[in-house]
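In UniProt numbering, the protein residues as written are 1 to 129.
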């Protein structure tokens, strides 16, 4: 299978991260892991893209300009999105974890996190401790 065919069959992933450098780094990492990455700095820009609803995975920062990550997941769900969601945060607390899990996040990653932790969270595997 050639590169174009592989890319066409790659799982689609929505990445929402306000920090340009981090978003680009994550986009490169996730593309290298075989995902078709659709990267945005704001959730409202993501919602304007019809391909977003076909994404099987979401990686999103907790702190965003228009809505926090939990609110953003709720917006996506209201528009019909369902898939595996991972929340990234610099302000990890037990309360945020409970709230995020209740909202439908499969994993919450405190920043900084390892590349392996993110990949494991996306695959549904427990992160190494």
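A virtual CB, placed ideally from N, CA and C, is assigned to each residue, including glycine.
query                                                                                                                        : result
Do residue 106 and residue 124 come within 8 Å of each other at the CB atom, strictly closer than that value?                : yes
How many Å lie between residue 152 and residue 71 at the Cα?                                                                 : There is no way to answer for residue 152, as the model of the chain reaches only from 1 to 129.
If you pair each beta-carbon of the segment 17-35 with each one of the segment 44-51, do three or more pairs fall below 8 Å? : no
For the alpha helix (DSSP H) that residue 70 lies in, which residues bound it at each end?                                   : 69-78
Going by DSSP, name the residue or residues bridged to residue 110.                                                          : 89
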